[in-house]
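Numbering (our numbering), first residue to last: 247 to 529.
Beta carbons: idealized from backbone N, C-alpha and C, even for Gly.
What follows is a short report on a single structure.
This is the structure:
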């Protein structure tokens, strides 16, 4: 009882120190806490994993740096998965602040697998008026993006010769911290029957679960938890194929979050026990 009373009256600076260590230690040395793969994440993984080589997907950078810790690891992991499975990737950006993030991601991941620009992936960049962009992609990509991000005509890129609209794209994945995924459903899925998936922040995930229930999303990654699950699946696949596992950014983040949440729960329990013991002694 004495120990509980002492712990329940810990100096707040000690609590802050323990929380800080709980964040820092897993980031420096991941604990490897097993990830429980949720069905929405597994559905996205299995869809991409079973695509025939040479199929094309479109990955839309609909986020900016403010949600980078949650959403960017999703983008990197799905891009790794697609390139590992020899699925061709088209990149666009509906958020102008995300254009550079897309460039960095494609440059980084393509080097890991020795993929060639124009043959294995292309990056089309940003177009204003996202509604017109989504609708235009359903008719003819060249009318929306006559050239790629670097100014090269699409007809000059070998990969794009057989890709003209949603009919030639197996899946659109919107990575976002805003309302873009819902717009993809409204303008790409509803009008053209395009399959859509989403990678969203944790606070946005609850808003999009109805899209899963109605089948308007084939799957979804929600928050850092979803990013860590997909990262774990892809890392296992990389290991099977003999590739070096990349830095597990989302997995490390989830280790930190898990440890800190456990500490907070323990502090709450100790604080309440101490309170009731003191109350009992007063009586």
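Counting the other CB atoms within 10 Å of its CB gives residue 291 a total of 16 or more, which places it among the buried residues.
Secondary-structure assignment with DSSP links residue 340 through no beta bridge to anything. Cα atoms of residue 389 and residue 337: separation of roughly 16 Å, rounded to the nearest angstrom.
Here the alpha carbon of residue 484 sits roughly 23 Å from the alpha carbon of residue 314. Counting of Cβ neighbours within 10 angstroms places residue 260 among the exposed residues, the total staying below 16. Using a C-beta cut-off of 8 Å, the stretch 424–436 makes contact with the stretch 458–471, since at least three inter-stretch Cβ pairs fall below that distance. When the beta-carbon positions are compared, residue 364 and residue 325 stay at least 8 Å from each other.
A Cβ-Cβ separation of about 7 Å places residue 499 in contact with residue 474 under the 8 Å criterion. Only residues of its own chain outside the window of five on either side were considered, and among them 383, 384, 385, 386, 387 have a CB closer than 7 Å to the CB of residue 411, listed in chain order. With distances taken between CA atoms, residue 397 lies nearest to 370 out of 519, 288, 370.
By the criterion of a C-beta distance shorter than 7 Å, residue 457 is surrounded in its chain by 431, 463, once the five residues flanking it on both sides are discounted. In this structure, residue 358 sits away from residue 469, with a CB-CB distance that is not shorter than 8 Å. The alpha helix (DSSP H) runs of length 4 or more contained entirely in the stretch 358–407 are, from start to end of the chain, 376–383, 387–390. Measuring C-alpha to C-alpha distances from residue 418 to each of 408, 426, 443 identifies 443 as the nearest. Per DSSP, residue 304 lies in no alpha helix (DSSP H); the unbroken beta strand (DSSP E) holding it starts and ends at 302–308.
Here residue 297 carries a coil assignment [DSSP, helix/strand/coil]. Between the stretch 341–358 and the stretch 297–311, the count of Cβ pairs shorter than 8 Å is three or higher; the stretches touch. Between residue 293 and residue 448, the alpha-carbon positions lie close to 22 Å from each other.
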